[in-house]
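Note that the sequence shown ends on residue 340 in our numbering; no numbers are left out. For glycine and all other residues, C-beta sits at the position ideal for the given N, C-alpha and C. Predicted, not measured: the structure shown is a model, and the values here were computed from it. First up is the structure itself, then whatever we jot down about it.
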Amino acid sequence: MWVHVEETTDTDFAFENRETEKLTDLLLQIDVNPYAGYPAFEGEVAGLLDDKRVPRRFKDFCDEAREWPKHERPVITLKGCPIDPDLPYLDFSDPVVDKRRRKKTYVSEAFLLVYALLMKQEPIGYANVNDGDVFQDIHPWDKLAHTQSQKALADIGFHKDLANHFVRPDWVNLLGLRQSAETFVSTSYTRNIDVLNGLSESQREVLSESNFYTPFDDLTVAGNNVRLGDAERHPVLGGASDYDIRAFENRTIGLTPEAQQALYVLVKLLHRHKKRFRILPGFLLGEANNESIHCKEIIYTPTTEALQNRWLQKTVNVADSNQHAHHFVPGRDRIVNG
Ligand SMILES: [Fe+2]
3 MWVHVEETTD TDFAFENRET EKLTDLLLQI DVNPYAGYPA FEGEVAGLLD DKRVPRRFKD
63 FCDEAREWPK HERPVITLKG CPIDPDLPYL DFSDPVVDKR RRKKTYVSEA FLLVYALLMK
123 QEPIGYANVN DGDVFQDIHP WDKLAHTQSQ KALADIGFHK DLANHFVRPD WVNLLGLRQS
183 AETFVSTSYT RNIDVLNGLS ESQREVLSES NFYTPFDDLT VAGNNVRLGD AERHPVLGGA
243 SDYDIRAFEN RTIGLTPEAQ QALYVLVKLL HRHKKRFRIL PGFLLGEANN ESIHCKEIIY
303 TPTTEALQNR WLQKTVNVAD SNQHAHHFVP GRDRIVNG
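Structure representation (structure tokens):
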């Protein structure tokens, strides 16, 4: 059966050129390095909001979007977002270290934080993911090119972020920095409610039992700063919220024939209901991680090399960091010890 996959460049909010320019100029003035001292950087960005220097129209939009029911509207899209005018081309053999060394302006980081603060989300970092950086790069890295992680070169199956971690983010925000004109890479997402509505009652029951196994994600394991042991068996449905789907396409397995069969049905529904969105430079996709699920699809690329410089930045965020405080690295606010 052929299924039409919807693709859109319409967004929920679009900055006007004048607004983008003004906000870019404002954020270019920030000279606190977020990779050297995150709390000071957050103080600086929060100060801009206190001084009402961010466009009122955008603040009003965020006030409204915050109230959207997450299970019905789990994805928020923006375009015309400020990003750095000069972005270095990063070394494929160690892009994170190279970024910290050579990216000297912090417009993209500051905008991700402006968005999180206006949406009342709290960004967090993980000791095992980019050594605890709050701002993470979705950028290929040779040693992880063939993994299912943010450093992959190729497709990534449907997943929710950090699904089997002990601190699971409530929102994932992705900002486009660079994508070559001739490649077409889609961040595709599906509303969990559409999948749940497509399952029979008995399939939902099978998927709610702890008969599934997913290995820890590739990046967390590669980080290797904190040992995690082996992942536990888990249910696919009914974790963090009534709408939660905890599965990683091609990684999660059902441990009984019924469990595996129900998982096949679920994966088919994920693809049937997906929407494609291209996170081009200045586009942002913010997703409720417990109400929606996403994947990366390479629709077209002339060469593998053309994918190598695609660059998005991201934050993962929680609603209330106090709830997770016992998991944080001592002395480091909002950095998870794992
Ligand atoms: Fe992801």
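Neighbour-count burial assignment, residue i, 16 or more Cβ in a 10 Å radius
| i | result |
| --- | --- |
| K298 | buried |
| D27 | exposed |
| P125 | buried |
| R103 | exposed |
| V318 | buried |
| A264 | buried |
| E69 | exposed |
| Y191 | buried |
| K105 | buried |
| Y37 | buried |
| K316 | buried |
| P41 | exposed |
| E203 | exposed |
Identity of the residues DSSP links to residue i by a beta bridge
| i | result |
| --- | --- |
| L314 | I140 and G178 |
| L80 | F15 and L286 |
| W70 | Answer by DSSP bridge pairing: none, since W70 is not bridged. |
| N319 | P125 and W173 |
| F250 | H161 |
| V338 | Y128 and F330 |
| C297 | S190 |
| I85 | Partner(s): none; I85 has no beta bridge. |
| G256 | F214 |
Collapsed DSSP secondary structure at residue i in the structure displayed
| i | result |
| --- | --- |
| Y302 | strand |
| H148 | coil |
| N324 | helix |
| L29 | helix |
| R20 | helix |
| D133 | helix |
| R59 | helix |
| A242 | coil |
| D65 | helix |
| L309 | helix |
Residue span of the beta strand (DSSP E) that contains residue i, given as start and end
| i | result |
| --- | --- |
| K277 | K277 to F279 |
| H161 | I158 to H161 |
Limits of the alpha helix (DSSP H) - the one that residue i falls within
| i | result |
| --- | --- |
| E46 | Y40 to D52 |
| H273 | P259 to R274 |
Could you give the uninterrupted runs of the alpha helix (DSSP H) lying entirely in the region 185 to 240, keeping only those of 4 residues or more?
-> 194 to 200, 203 to 209 and 220 to 225
At which residue ranges does the region 98 to 126 contain complete alpha helix (DSSP H) runs of 4 or more residues, listed in the order of the chain?
-> 109 to 120
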